[in-house]
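> In my numbering, the protein residues as written are 1 to 368. One structure follows; several queries about it will come next.
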Amino acid sequence: MVIYETHGDVCRVGYLRVVACLADDRIPKTFDYLASQLYEVARQRDKIKRYDVTGIIASNVNARNYVILAAETGIIDRHTQKRAAYGSIYAQLESAKRINDIIDGRVNAEADDFITLTQAEKIFFMHILIEHDHPFLGEIILWALKQRRFNRTTAMNYIMEDIYPEALAKSLQTASSKKRDIIRKEIDDAERFKDRRLSYSSQAEWIRTRQYAKYRHVAPPRLEWLVDLSILNREGRGKFSVNPEIARMGYELERVLRLPMKKMREELFTSIYPYLGNWSKADQEEIAKTIVEGYHRFVYSGVKQVKLEVLEMYACFRLLERGMITTPNTVHQVFNSLTIKYPDKVFITPTTGEVEIAEDSARGYTII
């Protein structure tokens, strides 16, 4: 799975939070409508104008490109035009409260509201970007780890001419039949990128080409995402370095990012995220309470079918907000223990993974 549609102006991960909060679990909203709402929210920019930051929303078209990115990353659903799984999860996190207050006009936006992420939010968006841009973004991270320091031009050329065609080829394995022909054509084109670039007589001629424009739409936004996630540091204009904390995890990152996606989801929580904050280990009682709390939040928000895998991810990220860490598999095990201990209150439909938890269970469970 690779994010196929990106634009050079979608550089700030924080705007995806706003899209998640603007979207709805009950009512469909068109992309154009969401874009107009996002633009209105983003116009609270008086304190941001002094920031020399790439990707600040400055037009309705710019806002729509962020809405498209939200659809590519599982925050909104292209077909239903409601929240998708990760959008529903984010909307129920405590992190969403500040964004909702800005949207509803209860508080004025500060400069950092559209730029700076909390540590829990960084992990949330790291998770969904790695998952939805797999293996492309992961390979960019691994290349950056080997370089330690690099400039944007070097990165852009390597990403597009070496990483991009290989990532597309790997994505064929999971692509729908409808997308495979499109991807094959893109691979054929990408394999000629380097020769075509080298054929131009000057840099001035190269930067006027359609191929250069494509490079700018695909590679720089991903580098900026990694800056927002504190994987990369920006060192002056067009220069980057790897965050030393990330560099220290080089071996483990390479091992985890090369795993199949199903294993990687669990291993990120087991082997990577514990070192990205001062977390304590969540106990069974905390996990159980968070499962119950999450279920009722989803139902109240209008999610008609609460799937266990969504509840597992919610619990992991909600606990991070509270300074605790666990894994999806551990949450799954705690949920299973609840179905055994409270068979008349906690249910799951095995064929669909749909969960049901009785209303009075919101008072809480104690797992011993």
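Glycine included, every Cβ here is placed at the ideal spot set by N, Cα and C. Computed from a predicted model, the values in this text were never measured in an experiment.
Rounded to the nearest angstrom, what separates Glu354 and Ile348 at their Cα positions?
Indexing the sequence shown from 1 puts residue 354 at position 354. Indexing the sequence shown from 1 puts residue 348 at position 348. Their backbone Cα atoms lie some 6 Å apart in a straight line.
> With a cut-off of 8 Å on the beta carbons, I'd call Asp9 and Asn65 a contact; round off their distance for me.
Translated into the one-based positions of the sequence shown, residue 9 becomes position 9. Translated into the one-based positions of the sequence shown, residue 65 becomes position 65. Indeed they touch by this definition, with Cβ atoms about 6 Å apart.
> Between which two residues does the alpha helix (DSSP H) holding Asn233 run?
If you number the sequence shown from 1, residue 233 lands on position 233. Premise fails: Asn233 lies in the beta strand (DSSP E), Leu232 to Arg234, not in any alpha helix (DSSP H).
> My output table needs one value for Ser241: the three-state DSSP class, helix, strand or coil.
For the purposes of this step, residue 241 is identified with residue 241 of the sequence shown, where counting begins at 1. Note: Ser241 maps to strand in three-state DSSP.
> In three-state DSSP terms, what is Asn278?
Mapped onto the sequence shown, residue 278 falls at position 278. In this structure, Asn278 counts as coil in the three-state DSSP scheme.
> Out of Thr330, Ala315 and Asn329, which has the shortest C-alpha to C-alpha gap to Gly323?
Reading the sequence shown from its first residue, position 323 is the one you call residue 323. Of Thr330, Ala315 and Asn329, the residue nearest in Cα terms is Ala315.
> What residues in its chain sit with their C-beta under 8 Å from that of Ala91, if we drop five residues either side in the sequence?
Here residue 91 refers to the residue found at position 91 when the sequence shown is read from its first residue. If we look at Ala91 and ignore the five residues flanking it on each side, its Cβ neighbours are Ala20, Cys21, Ala23, Asp25, Arg83 and Ser301.
> Considering Cα atoms alone, identify which of Thr153, Ile115 and Ala120 is closest to Asn278.
As a working note, residue 278 is residue 278 in the sequence shown. The residue with the shortest Cα to Cα distance from Asn278 is Ala120.
> Considering Cα atoms alone, identify which of Asp228, Ser280, Tyr251 and Tyr39 is closest to Leu129.
Taking the first residue of the sequence shown as position 1, residue 129 is located at position 129. For Leu129, the nearest C-alpha among the options comes from Asp228.
> So within the stretch 66 to 145, which uninterrupted alpha helix (DSSP H) runs reach at least 4 residues, ignoring any that extend past its ends?
The stretch 66 to 145 contains these whole alpha helix (DSSP H) runs: 85 to 91, 96 to 103 and 119 to 132.
> Val18 and Leu38 look like a contact to me (Cβ under 8 Å); what is the Cβ gap, rounded to whole Å?
On the sequence shown, position 18 is the one that residue 18 refers to. On the sequence shown, position 38 is the one that residue 38 refers to. Confirmed, about 6 Å.
> Could you spell out the range, first to last residue, of the beta strand (DSSP E) harbouring Phe298?
Your numbering for residue 298 matches position 298 in the sequence shown. Not the beta strand (DSSP E): Phe298 falls in the alpha helix (DSSP H), residues Gln284 to Ser301.
> May I ask you to report which of helix, strand or coil DSSP gives Ala362?
Start at 1 with the first residue of the sequence shown, and residue 362 comes out as number 362. Model confidence at Ala362 stands at a pLDDT of 49, short of 50, so the residue's coordinates are unreliable; what they give is reported in the following sentence. Of the three classes helix, strand and coil, the one that applies to Ala362 here is helix, per DSSP.
> Can you give me the Cβ contacts of Trp206 inside the same chain, cut-off strictly under 7 Å, excluding the 5 residues immediately before and after it?
On the sequence shown, position 206 is the one that residue 206 refers to. Arg197, Tyr200 and Tyr212.
> Using the DSSP secondary-structure output, state which residues sit across from Glu356 in a beta bridge.
Reading the sequence shown from its first residue, position 356 is the one you call residue 356. Partner(s): Phe347.
> Can you round the beta-carbon distance between Phe31 and Val67 to whole angstroms, since I take them to be within the 8 Å contact cut?
Here residue 31 is taken as the residue at index 31 of the sequence shown, counted from 1. Here residue 67 is taken as the residue at index 67 of the sequence shown, counted from 1. Correct: roughly 5 Å between the Cβ atoms.
> Within 10 angstroms of the Cβ of His79, are there 16 or more other Cβ atoms? Answer buried if so, exposed if not.
Translated into the one-based positions of the sequence shown, residue 79 becomes position 79. When all chains shown are included, His79 counts as exposed.
> So what does DSSP say about Ile272, is it helix, strand or coil?
The residue labelled residue 272 in the question sits at position 272 within the sequence shown. Note: Ile272 maps to helix in three-state DSSP.
> Does the structure place the stretch 169 to 188 close enough to the stretch 245 to 257 that three or more beta carbon pairs sit under 8 Å?
No: the two stretches stay apart, fewer than three of their Cβ pairs being nearer than 8 Å.
> If I'm right that Thr54 touches Leu16 with Cβ under 8 Å, what's the distance once you round it to whole angstroms?
Here residue 54 is taken as the residue at index 54 of the sequence shown, counted from 1. Here residue 16 is taken as the residue at index 16 of the sequence shown, counted from 1. That belief does not hold up - the Cβ atoms of Thr54 and Leu16 are roughly 16 Å apart, past 8 Å.
> To the nearest whole angstrom, what separates the beta carbons of Arg318 and Val242, a pair I think is in contact under 8 Å?
In the sequence shown, the residue the question calls residue 318 occupies position 318. In the sequence shown, the residue the question calls residue 242 occupies position 242. Rounded, the Cβ-Cβ distance is 29 Å, inconsistent with contact.
> Confirm, please, whether the CB-CB distance from Trp225 to Val41 is below 7 Å.
Mapped onto the sequence shown, residue 41 falls at position 41. Mapped onto the sequence shown, residue 225 falls at position 225. Not a contact, by the Cβ cut-off of 7 Å.
> My assumption, with CB atoms under 8 Å, is that Ile182 sits in contact with Ile163. Please give the rounded CB distance.
Stepping through the sequence shown from its first residue, residue 182 is reached at position 182. Stepping through the sequence shown from its first residue, residue 163 is reached at position 163. Their Cβ separation, rounded to whole angstroms, is 19 Å, which puts Ile182 and Ile163 out of contact at 8 Å.
> Around the C-beta of Glu286, are 16 or more other C-beta atoms found within 10 angstroms, so that it is buried, or is it exposed?
Translated into the one-based positions of the sequence shown, residue 286 becomes position 286. It is buried - the Cβ of Glu286 has at least 16 other Cβ atoms within 10 Å.
> Can you tell me whether DSSP reads Lys304 as helix, strand or coil?
Here the question's residue 304 lines up with position 304 in the sequence shown. In the structure shown, Lys304 sits in coil (DSSP, three-state: anything other than H, G, I, E or B).
> Rounding to the nearest angstrom, what Cα-Cα distance links Ala362 and Leu338 in this structure?
Along the sequence shown, read from residue 1 onward, the residue named residue 362 stands at position 362. Along the sequence shown, read from residue 1 onward, the residue named residue 338 stands at position 338. Note that Ala362 scores 49 on pLDDT, short of 50, meaning its location in the model is unreliable; the coordinates nonetheless yield the value given after this. Rounded to whole angstroms, Ala362 to Leu338 spans 13 Å at the Cα level.
> On the premise that Met249 lies in contact with Tyr275, defined as a C-beta separation below 8 Å, what is that separation, rounded to the nearest angstrom?
Counted from its first residue, the sequence shown places residue 275 at position 275. Counted from its first residue, the sequence shown places residue 249 at position 249. Rounded, the Cβ-Cβ distance is 6 Å, consistent with contact.
> Which whole-angstrom value is the C-beta distance of Phe136 and Ala167, which I expect to be below 8 Å?
Within the sequence shown, numbered from 1, the residue matching residue 136 stands at position 136. Within the sequence shown, numbered from 1, the residue matching residue 167 stands at position 167. That belief holds up - the Cβ atoms of Phe136 and Ala167 are roughly 4 Å apart, short of 8 Å.
> Is the beta carbon of Val292 sitting closer than 7 Å to the one on Ala85?
Within the sequence shown, the letter at position 292 stands for residue 292. Within the sequence shown, the letter at position 85 stands for residue 85. No, Cβ-Cβ distance for Val292 and Ala85 is not below 7 Å.
> So Thr351 packs on Phe269, CB below 8 Å; how close in whole Å?
As a position in the sequence shown, residue 351 is number 351, starting the count at 1. As a position in the sequence shown, residue 269 is number 269, starting the count at 1. Between Phe269 and Thr351 the Cβ distance is about 27 Å, and since that is not below 8 Å, they are no contact.
> Could you please give me the residues that DSSP links to Ile325 through a beta bridge?
Counted from its first residue, the sequence shown places residue 325 at position 325. Paired residue(s): Lys281.
> For the beta strand (DSSP E) containing Arg149, list its first residue and its last residue.
To locate residue 149, count along the sequence shown from 1; it is residue 149. Element bounds for Arg149: Arg149 to Asn151.
> DSSP on Tyr212, reduced to helix/strand/coil?
Stepping through the sequence shown from its first residue, residue 212 is reached at position 212. In this structure, Tyr212 counts as helix in the three-state DSSP scheme.
> Go through its chain and collect everything with a Cβ distance to Glu400's Cβ below 7 Å, but skip five positions before and after it.
Since the first and last residues shown for the chain are 1 and 368, residue 400 lies out of range.
> Could you give the DSSP three-state label for Thr339: helix, strand or coil?
As a first step, residue 339 must be located in the sequence shown, where it is residue number 339. If DSSP states are grouped into helix, strand and coil, Thr339 belongs with the helices.
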